[in-house]
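Heads up, the thing below is written out as structure tokens.
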Amino acid sequence: MMETRTRFAPSPTGYMHIGNLRTALYEYLIAKANGGKFILRIEDTDQKRYVEGATDIIYKTLKRVGMNWDEGPDIGGNFGPYIQSERKAIYAEYAHKLVELGGAHYCFCKQKEENEDDEEETQETHEKFKDPCLNISLDEAKKRIAAGEPYVIRQTINKKGTSVFHDVVYGEIDIDYNELDEGVLLKTDGMPTYNFANVIDDHLMNITHVVRGNEYISSTPKYNLIYETFGWTPPIYVHVPQVMKDAQHKLSKRNGDASFQDLVAKGYLPEAVLNYIALLGWNPGTEQEIFSLSELEKVFTCERLNKSPAIFDITKLTWMNGCYIRNLSAEEFHKTAMNYYDHLLGRGYNLEALSAVLQPRVEVLNDITEQTQFLAQMPEYDIALYENAKMKTTPEIAKNTMKLAYDVLAGLSVWDNETLFSSLKEAAAANGFKNGQILYPLRVALSGLQTTPGGATEIAVVLGKSETLNRINIALAKL
RNA sequence: GGUUCCAUCGUCUAGUGGUCUAGGACGUGGCCCUCUCAAGGCUAAAACACGAGUUCAAAUCUCGUUGGAAUCACCA
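Each residue of the first sequence is one higher than the one before, starting from 5 at the first, in the working numbering.
Structure (structure tokens):
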């Protein structure tokens, strides 16, 4: 049986779009699930859109999520080169060959101008382009080319009837040949368009499965026509639905929608992003939702790909990201967070101080100390802080429990977390209070904050006995 | 506008003629737990776009309607 070969063929235009990444993922999974090869090919035939450094972003992103390619521009392979601009001669050769075979023709028409007038445009686009150059004989065309006249090679669509092709996710698709337009295959500058380079490369690189957005469905018959003229076998098509921002708009950088880089910069783990997008348009058929890349390799099948577009929901990604973060060990979390702050954000944090913050709880105290000492200089405790419906705490209760806390703490001679906590807990129980009713107000009294990195008693330990009692007094005065 | 495609809770989805008073997850509300936040547990509300068929039986098949998307570039 033929080896499965898939390819991810992004154009280096600057960022890694989420939809693109998902396509890459599916390509990768198809290859790996079948013990095949995943190929990276850079489609840089449009020099106008080329963005410096974009290729690097592609490399880095793929590596970061663990999708390693078996052949590509940087590592080579038997079917190179893997950058389309370096294959210019190959396309030219095949384009002229296609003309000889009757699948294309030379065209000397002027490039259609950008139409600024929208209303006029709607009128025009309804009319199909009829190429007058179709009437030029091959000999005459060759003479004009030899004379130095600029030209383009256009696909010739002279087939009648209906094209039928099979798509793994959409099934049979019928499109009338009349609907196809005679698009440019080789541009004036000698570069191929996607429509051509794609076919040539996929064939020459022995690609077995082509995964791409479903916006290509309507032009697939054109590609098949080229395969047919050359006598080649078309690949298996896997058209996937779009990733949407909302019901009307697809996700795009233009609208300011997040790219992979943006998400990572916001603190999303690459693993979580990958996991989330895998489930956008695909599901395993079980109730499992958390998947590592290698787990996906084992369970992925094209048959479970969906037909309808999926809306990218950052809320669910956020939840999933939380799952991943919680699964990190203390060391991993620490390392990840350090990397995030230092390398990613480049904020110049004091790594030692930050390190302390990120260590397990007890070691958090250094930082709390700084925080509370700063706050101590302006303890404008708001009485509203003592209200918290969830813990059933009110200013009245707080007043009582703070008195209680003062008495209990004043009587202690040992000042460590365990002692403080158990003493207060006992006192609360003995007086009919819930733990939270004494500890929550205590936190507020000591820190001036509703939420703190450590518990109330941990703060008290840091503050020391006299400062703790002092602050309880201040709080009591306000209550 | 032509053509192609799509249509289950707000969102991602399960569901391939009976097991569907439609299941799960995120989010949302309530309760519980809790030394705050978070996490966790329980619970609630929430969907088959509409209309005709076919069938003993339809979320599932057919047709139509409506709604949405894509495409119609010397962009990919």
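Glycine included, each C-beta is placed from N, C-alpha and C at the ideal position.
Presumed contact (8 Å Cβ cut-off) between residue i and residue j, rounded CB distance
i, j, result
"alanine 282", "leucine 473", "Contact doesn't hold; Cβ gap of about 56 Å is too wide."
"aspartate 180", "threonine 166", "5 Å"
"glutamate 75", "lysine 41", "6 Å"
"valine 55", "threonine 17", "5 Å"
"tryptophan 419", "lysine 469", "5 Å"
"alanine 108", "isoleucine 157", "5 Å"
"leucine 480", "methionine 406", "5 Å"
Between the CA atoms of residue j and residue i - distance to the nearest angstrom
i, j, result
"alanine 35", "proline 14", "17 Å"
"isoleucine 476", "lysine 403", "10 Å"
"asparagine 259", "valine 465", "51 Å"
"tyrosine 86", "threonine 455", "54 Å"
"methionine 20", "proline 136", "40 Å"
"alanine 145", "tyrosine 110", "7 Å"
"glutamate 31", "methionine 71", "10 Å"
"lysine 147", "glutamate 219", "38 Å"
"glycine 39", "phenylalanine 304", "13 Å"
"phenylalanine 425", "tyrosine 444", "12 Å"
"glycine 459", "leucine 467", "13 Å"
"isoleucine 485", "leucine 297", "Absent from the structure is residue 485, since the part of the chain shown begins at 5 and ends at 483."
"valine 447", "isoleucine 318", "Checking the displayed sequence, the identity of residue 447 turns out to be arginine instead of valine. Between arginine 447 and isoleucine 318, the C-alpha separation is close to 33 Å."
"alanine 484", "alanine 269", "Look at the range of the chain in this structure, 5 to 483, and you will see that residue 484 is not part of it."
"glutamate 471", "proline 399", "22 Å"
"arginine 68", "asparagine 279", "13 Å"
"lysine 311", "leucine 284", "11 Å"
"glutamate 291", "glycine 440", "37 Å"
"proline 239", "glutamate 336", "43 Å"
"glutamine 88", "proline 77", "10 Å"
"isoleucine 463", "serine 451", "8 Å"
"alanine 360", "glycine 271", "Because the pLDDT at alanine 360 is just 44, under 50, the model does not fix this residue reliably, and the value given afterwards should be weighed accordingly. When rounded, the distance between both Cα atoms is 20 Å."
"tryptophan 286", "valine 168", "25 Å"
"proline 306", "histidine 338", "Position check: residue 306 holds cysteine in this sequence, whereas proline was assumed. Approximately 38 Å between the Cα atoms of the pair."
"phenylalanine 112", "phenylalanine 12", "34 Å"
"aspartate 50", "lysine 114", "19 Å"
"lysine 164", "lysine 132", "16 Å"
"arginine 91", "phenylalanine 295", "38 Å"
"glutamate 293", "methionine 324", "9 Å"
"alanine 449", "isoleucine 401", "13 Å"
"asparagine 24", "lysine 257", "12 Å"
C-beta contact flag for residue i and residue j at 8 Å
i, j, result
"proline 154", "threonine 197", "no"
"glycine 326", "arginine 308", "no"
"leucine 300", "leucine 44", "no"
"isoleucine 204", "tyrosine 95", "yes"
"threonine 27", "arginine 216", "yes"
"alanine 414", "isoleucine 442", "no"
"leucine 189", "asparagine 199", "yes"
"histidine 207", "tryptophan 236", "yes"
"asparagine 202", "tyrosine 227", "yes"
"valine 247", "valine 173", "no"
"leucine 416", "threonine 461", "no"
"proline 245", "alanine 314", "yes"
"leucine 255", "isoleucine 329", "no"
"leucine 138", "isoleucine 230", "no"
"alanine 276", "leucine 321", "yes"
"phenylalanine 437", "isoleucine 22", "no"
"threonine 233", "leucine 105", "yes"
"glutamine 159", "glycine 194", "no"
"alanine 433", "valine 412", "no"
Strand pairing of residue i, partner residues [DSSP]
i, result
"glycine 80", "Gly76"
"alanine 314", "Val247"
"histidine 338", "DSSP output for histidine 338 lists no bridge partner at all."
"cysteine 111", "Val156"
"proline 399", "Note: proline 399 sits in no beta bridge, so no partner."
"lysine 2", "With the chain covering 5 to 483 only, the question about residue 2 has no answer from this structure."
"tyrosine 241", "Asp171, Val214"
"tryptophan 286", "Leu309"
"glutamate 176", "His170"
"isoleucine 87", "Ile46"
"lysine 254", "Met248"
"leucine 138", "Leucine 138 pairs with nothing; no bridge assigned."
Proximity test, residue i beta-carbon vs the ligand SAM heavy atom, cut-off 7 Å
i, result
"tyrosine 220", "This structure simply doesn't include the ligand SAM, nor any ligand for that matter."
Pair every Cβ in the region 53-68 with every Cβ in the region 258-278, then say whether three or more of these pairs are closer than 8 Å.
yes
The region 93-111 in contact with the region 209-228 per 3-pair CB rule at 8 Å:
no
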